[in-house]
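So the sequence shown is numbered by our numbering: it starts at 36 and just counts up by one. Below is one structure; the comments refer to it alone.
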Amino acid sequence: QVQFVESGGGLVQAGGSLRLSCAVSGSTFSARTIGWFRQAPNKQRELVASITSDGATYYVGSVKGRFTISRDNGANMAALQMDSLKPEDTAVYYCNTRLTTWRANWGQGTQVTVSS
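Below, the structure written as structure tokens:
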């Protein structure tokens, strides 16, 4: 069973930065695309950023230029550097992996709260 452990969230003022980490176990990590998702209260979970096994990245429009996704295949870990944070970035952040579809199981997530 693949397990995801997210960490690094917290409370930060608008304009501040946070770096989230994702540890993945039980998976062929290096071959998979890694994704960071977020879910705000009363909203659907959305894909924020992803990085393929070849290092190609995707960012949702609202975070382009502010967030940077990275991966460390040797450590089975991924990171999301979040700069210039805005109150609308407040959400629980999750990571997941896929070959063709995202895993059905999710970790506990890490809470990010941005105050105005």
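Quick reminder that beta carbons are idealized off the backbone N, C-alpha and C, glycines included. Bear in mind that the values here come from a model prediction, so they are computed numbers and not experimental data.
Check	Outcome
By Cβ distance below 6 Å, which residues in the same chain neighbour L82 in space, the five residues on each side in sequence not counted?	G70 and F72
What are the boundary residues of the beta strand (DSSP E) that G70 is part of?	T68 to Q74
Here's the rule I'm using: 16 or more other beta-carbon atoms within 10 Å means buried, otherwise exposed. How should Q77 be labelled?	It should be noted that the sequence gives Asn, not Gln, for residue 77. Flag for N77 reads exposed.
A114 and S56: beta carbons closer than 7 Å?	yes
Take Q116 as the anchor and find which of L134, G109 and A84 has the nearest alpha-carbon.	A84
Let me make sure I understand the geometry here. Which of Y94, S65, V59 and V149 has the alpha-carbon closest to that of E123?	V149
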